[in-house]
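J.: Quick one: structure below, then a few questions.
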Amino acid sequence: VIKCKAAVAWEAGKPLSIEEVEVAPPKANEVRIKVFATGVCHTDAYTLSGSDPEGLFPVILGHEGAGTVESVTPSFHCMCHSVGKQLYHFMGTSTFSEYTVVADISVAKVDEKAPLDKVCLLGCGISTGYGAALNTAKVEPGSTCAIFGLGAVGLAVIMGCKVAGATRIIGVDINPDRFDKGKEFGATEFVNPKDHSKPIQEVLVEMTDGGRAALEACHKGWGESIIIGVAGAGQEISTRPFQLVTGRVWRGTAFGGWKSVESVPKLVTDYMNKKLKVDEFVTHTLPFDQINEGFDLMHAGKSIRTVLKF
Numbered sequence: 107v108i109k110c111k112a113a114v115a116w117e118a119g120k121p122l123s124i125e126e127v128e129v130a131p132p133k134a135n136e137v138r139i140k141v142f143a144t145g146v147c148h149t150d151a152y153t154l155s156g157s158d159p160e161g162l163f164p165v166i167l168g169h170e171g172a173g174t175v176e177s178v179t180p181s182f183h184c185m186c187h188s189v190g191k192q193l194y195h196f197m198g199t200s201t202f203s204e205y206t207v208v209a210d211i212s213v214a215k216v217d218e219k220a221p222l223d224k225v226c227l228l229g230c231g232i233s234t235g236y237g238a239a240l241n242t243a244k245v246e247p248g249s250t251c252a253i254f255g256l257g258a259v260g261l262a263v264i265m266g267c268k269v270a271g272a273t274r275i276i277g278v279d280i281n282p283d284r285f286d287k288g289k290e291f292g293a294t295e296f297v298n299p300k301d302h303s304k305p306i307q308e309v310l311v312e313m314t315d316g317g318r319a320a321l322e323a324c325h326k327g328w329g330e331s332i333i334i335g336v337a338g339a340g341q342e343i344s345t346r347p348f349q350l351v352t353g354r355v356w357r358g359t360a361f362g363g364w365k366s367v368e369s370v371p372k373l374v375t376d377y378m379n380k381k382l383k384v385d386e387f388v389t390h391t392l393p394f395d396q397i398n399e400g401f402d403l404m405h406a407g408k409s410i411r412t413v414l415k416f
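Structure, rendered in structure tokens:
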């Protein structure tokens with residue numbers, strides 16, 4: 107059993123608390139990882155807010171992490187019994203802890219020369235957005251794409267659209283500070299819904315001759331709307347059947363369609379060969395003890411990705 111530092115979410119809606127926790131040895135088909143860096147993602151904030159119907163407390167959050175293998179399945183069975191309080195695992199990873207135990211299928215071996223404080227972000231947001239464009243939407247050369255929301259995932263979608271050869275890449279966001287960042291990743295135009303009195307889908311249709319607003323902005327016959335992210339318990343989306351029977355496609359994506367164990371090492375290689383932007387997503391790097399500040403920056407719209415280092 108290892109004692110280490112972790113950020114514990116004792117209850118929904120409260121700041122994380124830095125605590126000393128005990129991390130048990132790995133069992134069969136598990137490995138114990140020493141985490142060196144982890145990203146702060148909106149999915150962590152979503153569960154912490156209490157909106158996640160599957161959220162359990164107390165829990166150690168975090169799911170964008172990079173580190174080294176500390177130990178594998180021991181040859182003995184640990185008979186120790188803890189007298190403390192059990193903490194729930196999060197998304198099979200719980201990277202807001204200096205050490206964490208994960209299933210061996212949740213670990214991807216990457217280039218040992220890769221900087222861990224950068225490639226940790228390939229564990230969720232960047233890969234999800236990038237893959238949504240390449241694998242899920244299968245953007246083709248000459249396409250026109252609109253991206254709603256220019257956070258880390260949205261910017262990664264822009265990057266994927268550019269790599270795929272899209273001609274027009276329109277960023278949609280109510281935060282004008284994101285527009286310059288969008289250009290850096292390949293966006294060609296921007297729309298702020300606050301600047302228009304009409305629904306955003308009407309604005310986009312006029313611009314291109316052609317949730318629900320994204321679907322209705324798609325071209326009849328072949329347009330596709332890809333949904334990425336999480337929603338609160340009980341929330342639903344709906345549209346008129348007309349939007350679908352006229353040939354539009356509405357679909358979701360998980361992790362951008364990548365298969366973690368085989369795809370993440372390739373994404374890291376692309377990053378190391380300067381074919382994939384990662385550094386450009388990092389706006390803040392903080393010591394792990396300042397994790398709550400990382401969440402504050404995200405909620406204020408001042409960060410794209412904050413990386414925490416142990």
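Using my numbering, the first residue of the sequence shown is number 107, and each one after it goes up by one. Glycine residues also receive a C-beta, built at the ideal position from the N, C-alpha and C atoms.
Counting only the same chain and skipping the five closest in sequence on each side, list residues whose C-beta sits under 7 Å from that of Phe382.
T.: For the sequence presented, residue 382 should be read as Leu rather than Phe. Contacts found: Leu373, Asp376.
J.: How about Lys215 and Val384: are their beta carbons less than 9 Å apart?
T.: It is not a contact, given that the beta carbons lie outside the stated cut-off.
J.: For Ile253 and Ser331, what's the separation of their Cα atoms in angstroms?
T.: Straight-line Cα distance between these residues: approximately 10 Å.
J.: Beta strand (DSSP E) containing Phe142: first to last residue?
T.: That run of the beta strand (DSSP E) goes 136–145.
J.: Starting from the Cα of Ala112, find the closest Cα among Phe401, Gly362, Thr206, Asn241 and give me that residue.
T.: For the residues Phe401, Gly362, Thr206, Asn241, the minimum Cα distance to Ala112 belongs to Thr206.
J.: Taking C-alpha atoms, which residue in Thr391, Ile275, Asn281 lies nearest to Ser289?
T.: Contrary to the premise, residue 289 reads as Lys rather than Ser in this sequence. With distances taken between Cα atoms, Lys289 lies closest to Ile275.
J.: In this structure, how does DSSP classify Phe296 when only helix, strand and coil are distinguished?
T.: Phe296: strand per DSSP, three-state reduction.
J.: Hey, which unbroken runs of the beta strand (DSSP E) at 3 residues or more fall wholly within the stretch 256–321?
T.: Whole beta strand (DSSP E) segments, 3+ residues: 274–278, 295–297.
J.: Run the CB neighbour count on Thr174, radius 10 Å, all protein chains shown included, and call it buried at 16 or more, exposed below.
T.: That one is exposed.
J.: Just to check my reading of the structure: Glu204 and Phe416 have Cβ atoms closer than 8 Å, yes? What is that Cβ distance to the nearest angstrom?
T.: Yes, Glu204 and Phe416 are in contact; Cβ-Cβ is about 5 Å, under 8 Å.
J.: Please report the distance separating the alpha-carbon of Pro132 from that of Gln396.
T.: Roughly 28 Å separates the two Cα atoms.
J.: Identify, in the order they occur along the chain, each residue of the same chain with its Cβ nearer than 6 Å to the Cβ of Val413, setting aside the five sequence neighbours on each side.
T.: Correct list, in chain order: Ala143, Gly145, Asp223, Val388, Thr391.
J.: Going by DSSP in three states, Ser409 sits in which element: helix, strand or coil?
T.: Three-state DSSP puts Ser409 in coil, outside helix and strand.
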